[in-house]
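First up is the structure itself, then whatever we jot down about it.
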Amino acid sequence: MASEVNTDFLHDKKLDSIAADILRPVGITQGFIVWMGFLGISLLACIYAYYIQFDKGLIVTGLRDYISWGMYIANFVFFVATSLVGMLISSVLGLIGFKWVKPIARIAEIIAVAFAAIAGLVIVSDMGRPERLPYVFMYGRIQSPIIWDVTVVTTYLVISTLLYFLPLIPDLAISKGRMGHTPKWLQKTYEILAVNWKHTPKQYQILLKAVRIMLILIIPTAFAIHTVTSWLFAVTLRPGWDSSIFGPYFLTGAFVAGSAAVVIMMYFVRTNYKLDKYLTEHHFDMMGKLLVLVSIVYLYFNINEYLVPGFKMKTAEAIHLKDLFVGDWAFMFWSVQLLGLVIPIILLLFKFFRKPLSMFVISIVVLIAAWFKRLIIVVPTQDHPFLPIQHVPKAWMVYQPTIVESAITIGTLLLVIIIITVLVKFFPVIPIWEMAEEQNEIDSKSKE
Amino acid sequence: MSQNSNGTGHEHTSREEDNVNSRRAFFKNFGLFGAVAAVGGAAIYSGYEYQESKPGHDMVKVLTSDNRIVEVPRDQIKDVKVDTDQLQKQGREGLKGHRFVMVIDLSKCRNARKCISACQGAHHLRPYEYHINTLVMQESEHTAPYFMPKPCQHCDNPPCVAVCPVDATFKRQDGIVLIDNERCIGCRFCIAACPYSARLFHWEEPLMAESDKGKPYNIELNVPQRKGTITKCLFSSDRLREGKLPYCVSACPNGVYYFGDENQDAVTNGTTKETFRLSELLKVNAGYQLMAELGTKPRVYYLPPKNRLFEFKDEKDPVQETT
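First to last, the sequence lines map onto chains B and A. According to my numbering, the stretch in the first sequence is residues 1 to 448, in order. According to my numbering, the stretch in the second sequence is residues 449 to 771, in order.
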């Protein structure tokens with residue numbers, strides 16, 4: 001991102017057409033009302049499921065004393081993982097100077113904000129005493145990784161929100177007078193959120209500086225949130241969790257899930273809002289290459305994580321690994337490794353598959369596999385504690401998620417989709433000023 | 449006037465009358481005084497006797513919190529309402545000067561499961577909720593199976609305490625690891641961290657939630673148990689405060705358990721009440737700790753299951769049969 005901004009683009013005629021394209025889908029449409037109505041009603045059912053759990057206790061889940069972390073914790077890890085892509089795309093790629101990430105950056109930030117915001121709620125859904133959440137702040141003990149997690153997830157959410165909002169300010173100001181098709185209250189909201197933006201070069205300079213600081217700050221924060229999340233497992237003594245590479249293993253896995261989520265959202269925006277001029281086949285091609293890269297790195301960590309203990313087969317590790325490779329978890333394990341990692345890598349090496357539709361399909365499979373991958377990390381380890389599970393009801397020995405539990409998990413996903421829908425539908429999803437600036441640069445170069 | 453002419457006779461009689469009167473008055477006065485004196489004396493006497501009788505019959509010996517025995521009049525004793533705050537304070541502090549330790553002799557355990565039922569009764573638990581559980585163990589294919597009672601190991605390097613985000617589970621000065629169910633948020637990180645599967649969670653309303661309602665919470669007994677929180681073996685710290693052996697230790701019919709104080713190097717068998725030197729007992733019998741290689745430093749020692757004088761019989765699972 002350049003430190004100096006040439007504000008010539010504001011007087012360029014191209015700005016009008018770009019703004020018109022990007023602002024056209026903004027506002028309340030019939031489709032939006034139907035979609036939100038569907039999400040809202042489904043969410044109500046899920047809230048009712050949570051009410052049942054709150055009333056009766058966690059007995060309504062499939063969790064018991066031996067497998068006491070299940071779908072909720074897996075879902076939490078998945079949410080934190082997916083949200084990391086905001087850092088990867090805007091910060092890492094943006095700071096290096098890749099221009100193609102510009103129209104995607106805001107999509108990545110929306111995913112980061114939505115998933116990070118709901119990740120906290122997911123954890124609350126797993127708590128036996130959710131009303132005691134304030135105790136974490138009142139009586140927090142610094143040596144517990146949960147306190148580290150709460151601290152960094154909150155920090156990440158704040159920085160991601162700023163990274164979404166700050167570059168949006170000029171767009172909100174540009175939108176003034178171009179929002180005739182939208183309701184009055186939305187125009188008013190834009191005016192307030194635009195904080196009296198005047199498009200002066202000085203303002204742009206400050207904005208870019210602030211964004212740059214945030215982009216740098218978010219890198220260690222993002223590394224911290226997923227590393228700390230992995231430590232919730234790695235600090236225990238249990239075989240399958242007791243691993244020194246869990247930090248990077250989780251982090252690289254996060255980029256796979258996040259990149260897939262970005263591709264899915266790009267596809268929706270491109271086809272539904274007819275923004276194929278801005279989210280071109282080139283962008284999908286580049287995202288395909290990115291997905292291959294992060295998947296290969298993740299595959300490398302997977303090989304380390306499973307092959308090394310698999311070679312030694314220490315008693316406790318052996319029970320766990322046999323369960324994954326050829327036992328009760330084998331089907332899920334191999335499906336996830338093949339469908340979510342190996343096959344996508346092979347396919348996406350070919351340009352033929354790095355097209356929008358095929359990328360969209362592959363990404364959906366990758367994202368679903370990423371969710372189950374978290375379940376495989378969380379649950380099987382608890383199936384075999386050091387000491388045998390004896391003299392308890394049979395149902396306590398196997399984790400069988402219940403309908404209530406699944407509904408609550410789906411509810412958190414719905415909340416993420418609701419946040420994404422609102423942000424996408426009420427605000428420009430592609431940065432108008434950055435697109436206009438880029439266009440202006442290209443034009444002036446071609447004139448020379 | 450005519451009375452005056454016979455004056456002397458009259459005079460005499462009147463003088464006599466005066467004397468009689470004064471004598472009567474005297475007796476009268478004396479009687480009054482006597483009555484008063486008698487009553488007063490009796491009162492003083494009885495008061496004296498009352499004072500005398502008090503120390504002999506109405507003094508009570510009381511043990512103060514700093515371990516002194518003192519005498520106080522019975523009528524001055526007031527019942528202190530034991531409230532949660534006080535129980536919390538003493539429960540978190542622990543018993544000064546002690547380092548409690550348990551020794552479990554595996555060569556004597558016949559899976560009577562009396563320890564389990566005593567524990568479950570005291571802590572208001574269901575038959576499948578264990579602070580202590582007897583497991584059937586077998587080290588490897590060709591080694592002999594044996595029964596292993598497994599309470600919380602009260603580790604000196606407790607993984608559960610390290611991960612607790614809110615100080616709900618903590619280590620006391622006497623070595624005991626307790627859980628405060630008024631603080632616990634129910635995250636179950638401690639369950640994930642404990643390699644001994646010593647902790648359980650109240651997934652639903654506890655067994656005696658109704659009848660325990662309103663009782664002050666005793667952190668050393670963890671009663672009333674509470675939905676959505678953790679519970680675990682407490683080394684019966686409520687009994688230790690009274691100078692008694694833990695519930696499981698006293699209930700064992702087979703002499704499996706020894707319990708005592710590492711500082712005194714002494715442990716007492718719960719069945720025979722014989723006291724042994726801890727170091728000697730461990731040395732002679734090759735005592736060991738469970739999974740010592742994990743570095744948790746347990747406060748529970750095991751004596752190996754050697755020279756068993758009974759046949760190993762693994763009866764059907766008690767819980768599977770009832771549920």
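Even for Gly, the Cβ is constructed at its ideal location relative to N, Cα and C.
The region 657 to 670 of chain A makes contact with the region 620 to 632 of chain A: 3 or more CB pairs, one atom from each, lie closer than 8 Å. In the structure shown, Ala112(B) adopts helical secondary structure according to DSSP, grouped into three states.
In this chain, Pro606(A) is not harboured by any alpha helix (DSSP H), its DSSP state being neither H nor E. When rounded, the separation of the alpha-carbon atoms in Ile403(B) and Leu729(A) is 54 Å. Straight across, the Cα-Cα distance linking Met266(B) with Lys619(A) is about 52 Å. In the DSSP assignment, Leu583(A) falls outside any alpha helix (DSSP H) and within the unbroken beta strand (DSSP E) covering 581 to 585. Interface flag for Met127(B) against chain A is set, since a Cβ pair is found closer than 8 Å.
Only those residues of the region 679 to 696 of chain A whose C-beta falls short of 7 Å from the nearest C-beta of chain B would be listed, and there are none.
For the options Phe165(B), Gly180(B), Lys188(B), the alpha carbon positioned closest to that of Leu215(B) is the one of Phe165(B). With respect to the 8 Å criterion, Gln390(B) and Val584(A) are classified as neighbours on the basis of their beta carbons. Taking a cut-off of 8 Å on C-beta distances, the region 77 to 96 of chain B touches the region 256 to 263 of chain B, as three or more cross pairs fall below it. Between the alpha carbons of Thr280(B) and Val101(B) lies a distance of about 12 Å. Within the DSSP bridge table, the entry for Ala714(A) names Asp709(A), Arg725(A) as partners. Ranking Ser446(B), Gly120(B), Gln400(B), Leu39(B) by CA distance to the CA of Thr61(B) puts Gln400(B) first. No Cβ-Cβ contact shorter than 8 Å links Ser295(B) with Ile219(B). For His226(B), not one C-beta of chain A is nearer than 8 Å to its own C-beta. Residue nearest to Asp527(A) within the set Glu541(A), Val510(A), Cys612(A), Gln586(A) is Val510(A) (criterion: CA-CA distance). With contacts defined as CB atoms closer than 8 Å, Ile67(B) and Gln382(B) qualify as a contacting pair. Residue pairing by DSSP places Tyr750(A) opposite Ile552(A), Tyr736(A) in a beta bridge. The beta carbon of Ser144(B) falls within 8 Å of a beta carbon belonging to chain A, placing the residue at that interface.
For Phe649(A), the uninterrupted beta strand (DSSP E) run begins and ends at 647 to 649, by DSSP. Met596(A) has Leu583(A) as its beta-bridge partners, per DSSP. With a threshold of 8 Å between beta carbons, Thr617(A) makes no contact with chain B. For Glu652(A), at least one C-beta of chain B is nearer than 8 Å to its own C-beta. Counting only unbroken stretches of 4 or more residues, the alpha helix (DSSP H) elements lying wholly within the region 36 to 86 of chain B are 71 to 83, in sequence order. Tyr695(A) is the residue among Tyr695(A), Lys663(A), Val704(A), Asp514(A) whose C-alpha sits nearest the C-alpha of Gln568(A). In this structure, Arg141(B) sits away from Ile633(A), with a CB-CB distance that is not shorter than 8 Å.
Phe79(B) sits close to Ile118(B), with the two beta carbons spaced by under 8 Å. Taking the Cα of Ala224(B) as reference, the smallest distance to any Cα among Leu324(B), His282(B), Ile147(B) is reached at Ile147(B). Under the three-state reduction of DSSP, Lys661(A) is assigned to coil, being neither helix nor strand.
Counting C-beta pairs with one atom in each stretch, the region 603 to 615 of chain A and the region 570 to 584 of chain A have fewer than three that are closer than 8 Å, which means they do not touch.
With a threshold of 8 Å between beta carbons, Cys700(A) makes no contact with chain B. Residue range 507 to 511 is occupied by the beta strand (DSSP E) that includes Met507(A). When the alpha-carbon of Pro170(B) is set against those of Glu434(B), Ala112(B), Val124(B), Lys447(B), the nearest one is in Glu434(B).
The beta carbons of His650(A) and Thr679(A) sit about 7 Å from each other, so the pair counts as a contact at 8 Å.
Relative to His546(A), the option among Ser555(A), Pro752(A), Ile624(A) whose CA is nearest is Ile624(A).
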